[in-house]
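In what follows, a structure is listed as structure tokens, so that the remarks can point back to it.
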Amino acid sequence: MHDIRFIRANPEAFDQGLARRSMSAQSGAILTIDAARRDAIQRAEAAQSRRNELSRAIGMAMKQGQADEAARLKAEVAGLSTVDDSAQHQAALDAVLSALPNLLDPSVPDGADETANVVQHQHGTPATIPDARQHFELGEALGLMDFEAAARLAGSRFVVLKGALARLERALGQWMLNTQTIQNGYTEVAPPYLVNATTAFGTGQLPKFEEDLFKAGDKYLIPTAEVPLTNLVADHIIPEPSEPLRFTALTPCFRSEAGSAGRDTRGMLRQHQFQKVELVSITRPEDSAAEHERMTRCAEAILTELGLTWRRMLLCAGDTGFASAKTYDLEVWLPGQQAWREISSCSNCHDFQARRMNARFKRNKDTVFVHTLNGSGVAVGRALIAVMETHQQSDGSIAIPAVLQPFMGTDRITR
RNA sequence: GGACAGGUGGCGGAGUGGUCGAUCGCGUCGGUCUCGAAAACCGAAGUAGGUGCAAGCCUACCGUGGGUUCGAAUCCCACCCUGUCCGCCA
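What follows is the structure, given as structure tokens:
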């Protein structure tokens, strides 16, 4: 959500910010609504003030037994105009502002799409495995990955994992969660997987992206634990966070994948349901940039310890998400697919979500909006894919990374 | 799902139609005292919007939304949430 006062004071800067996202100028239309809104407020409040004044006088007159005077004042109140259309103008303003994306951090490069993203760092070199197979080929050959069964049970974009692969998914989730809590100091949270509309609005899923969510009754299935974790501070004035608040959760995530029909239909790269370890930080404004780097490193360490080849991408203007001011994507190399694929996305949202959910802290006399950050630490389903394709053996078995062996009870998955 | 009881400022808890944004306690902040701290004492402090160079002034907010009234934290209606008991149930 944008600060109307910022737009009022800096209309050109605001429009230039939108232009970086290939959006047309909005400040003119916004300020017109704002002017009408303030005019309506002033008229309504003036009338209200006069009425309050007369009401007090009536009370006084009645107390002193001056019935005639009271009656005269009542008649005067009855003649007062009571129109208050400020709420309509406010609603119109909110509708416009809540649908506009966050302004970008100055360090974000220009560009229209992912081709303009910038490689920041690369760990390892893409392996060329002779006759490398993709994860679904490996999984089906092992008899532990069943897309047909999932389709019968639920439909497309689901998978059934069995035996050692089901256990591998569980091992990945447990190990990642342990790492983020024990080593990196995040507080483990077990949040609801369904949230109400207010919560979904707070992080920016609503109103613009409702079609991406699954709905159950009047609730929404979370598309990421970012939604409940970030909203933990919604509507709160917290103590000044000299050290960032850090939350993590391992949850299933549910996405309708509306609009991605035909993309990544084979395998379990793009599913309606997947596990993810999410990282969320709540910081002071001056701390969010450093926290963004720290959070990204917390995700990167996971990939390194799993023996994966990865690179950090700084997303360009056109590829940065709605609520984010700056995003790093982590991509892993998938030897079977011979491609880099996103496995984590770490975003600094500045105060954009904080404004939507009214999350602040107190500093001296001021109430200040917090900064919110979120990142995958990391996506479990995609980590499973990466481990399978990276550590596949010529006989079709999968070598288990050392860090996962205690959770697996074995160093290899075989038929 | 049914029956009761509740939802008030960071927390606890008063307040049942007329200067109530709201008594009080705890906690917080500033000060006095002290070498320093504690205790004690004194004082300050809600959120948002509008307006003004500013001091300030105005408006709204007592779960949410309506209603009654000149006037609502207080009365009425609906809904949401919490607690207790009952029913059902992993």
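Be aware that the first sequence starts at 1, since it is given in the working numbering, and climbs by one per residue.
Built from N, CA and C at the ideal position, the CB exists for glycine as well.
Item                                                                                                                                                                 : Value
Under 7 Å, do Ile398 and Ile385 count as touching if we go by C-beta distance?                                                                                       : no
Have a look at Arg360 and Thr327 and give me their C-alpha separation to the nearest angstrom.                                                                       : 23 Å
Do Tyr220 and Ala249 have their beta-carbon atoms positioned less than 7 Å apart in this structure?                                                                  : no
When the Cα atoms are used, what is the spatial distance from Ala67 to Ala61?                                                                                        : 7 Å
Name, in chain order, the residues that DSSP records as bridge partners for Val159.                                                                                  : According to DSSP, Val159 bridges with nothing at all.
Going by C-alpha to C-alpha distance, which of Phe254, Pro239 and Leu153 sits closest to Lys215?                                                                     : Phe254
Check this for me: beta carbons of Ala92 and Ile33, under 7 Å apart or not?                                                                                          : yes
Go ahead and label Val233 buried or exposed: buried means 16 or more other beta carbons lie within 10 angstroms of its beta carbon, across all protein chains shown. : buried
Would Val380 and Leu172 qualify as a contact pair, given that the criterion is a beta-carbon distance under 7 Å?                                                     : yes
Mapping DSSP to helix, strand and coil, what is Ile413?                                                                                                              : strand
Taking the straight line between their C-alpha atoms, what separation do you get for Gly28 and Ala9?                                                                 : 12 Å
Which complete alpha helix (DSSP H) runs does the stretch 304-376 hold, if anything under 4 residues is left out?                                                    : 352-357
Note down the Cα distance separating Thr115 from Arg266, rounded to an integer number of angstroms.                                                                  : 24 Å
Once the 5 residues before and after Ser22 are set aside, which same chain residues still bring their CB inside 7 Å of it?                                           : Ala112 and Gly318
At a cut of 8 Å, does the stretch 368-379 reach the stretch 224-239 through at least three beta carbon pairs?                                                        : yes
With burial defined as no fewer than 16 other Cβ atoms inside 10 Å of the residue's Cβ, what is the status of Arg152: buried or exposed?                             : exposed
Looking at C-alpha atoms only, which residue of Gln134, Phe407, Gln205 and Pro406 is the closest neighbour of Ala323?                                                : Gln205
Assuming Ala383 and Cys349 are in contact, meaning their beta carbons sit under 8 Å apart, how far apart are those beta carbons, in whole angstroms?                 : Contact flag wrong, Cβ pair sits at about 24 Å.
Answer with buried or exposed for His121, where buried requires no fewer than 16 other C-beta atoms within 10 angstroms of its C-beta.                               : exposed
With distances taken from CA atoms, which of Arg297, Pro192 and Glu188 is nearest Leu245?                                                                            : Glu188
Straight-line CA distance for Ile4 to Leu31?                                                                                                                         : 8 Å
Relative to the alpha-carbon of Gly396, which residue among Arg263, Leu138, Ala301 and Leu229 has its alpha-carbon at the smallest distance?                         : Leu138
Based on the DSSP output, what are the partners of Ser281 in its beta bridges?                                                                                       : Arg246 and Leu373
Going by DSSP in three states, Lys219 sits in which element: helix, strand or coil?                                                                                  : strand
With the cut-off set at 7 Å, would you say Ile343 and Val378 are in Cβ contact?                                                                                      : yes
Which residues in the same chain as Leu54 place their Cβ atom closer than 7 Å to its Cβ, once the five residues preceding and following it in sequence are excluded? : Leu73, Glu76 and Val77
Give the DSSP bridge partners of Glu286, in chain order.                                                                                                             : The partner list for Glu286 (beta bridge, DSSP) is empty, contrary to what the question assumes.
May I have the straight-line CA-CA distance separating Asp329 from Val159, to the nearest angstrom?                                                                  : 25 Å
Using CA atoms only, rank isn't needed, just tell me which of Gln88, Ala25 and Ala354 is closest to Arg38.                                                           : Gln88
With H, G and I counted as helix, E and B as strand and the rest as coil, what does DSSP make of Gln120?                                                             : strand
Under the DSSP definition of a beta bridge, which residues are partnered with Glu276?                                                                                : For the sequence presented, residue 276 should be read as Lys rather than Glu. For Lys276, which the question treats as bridged, DSSP gives the partners Thr251 and Ala379.
What do you get for Thr420, buried or exposed, if any count of 16 or more other CB atoms within 10 angstroms of its CB means buried?                                 : Because the chain in this structure spans residues 1 to 415, residue 420 falls outside the shown range and cannot be described.
Count the other CB atoms, across all protein chains shown, that sit within 10 Å of the CB of Leu144; report buried if there are 16 or more and exposed otherwise.    : buried
Count the other CB atoms, across all protein chains shown, that sit within 10 Å of the CB of Leu161; report buried if there are 16 or more and exposed otherwise.    : buried
Fully enclosed by the stretch 45-99, which alpha helix (DSSP H) runs are 4 residues long or longer?                                                                  : 67-78 and 86-98
Got a sec? Which residues, its chain only, sit under 8 Å from Ala197 by beta carbon, not counting five neighbours each side?                                         : Leu206, Asp218 and Tyr220
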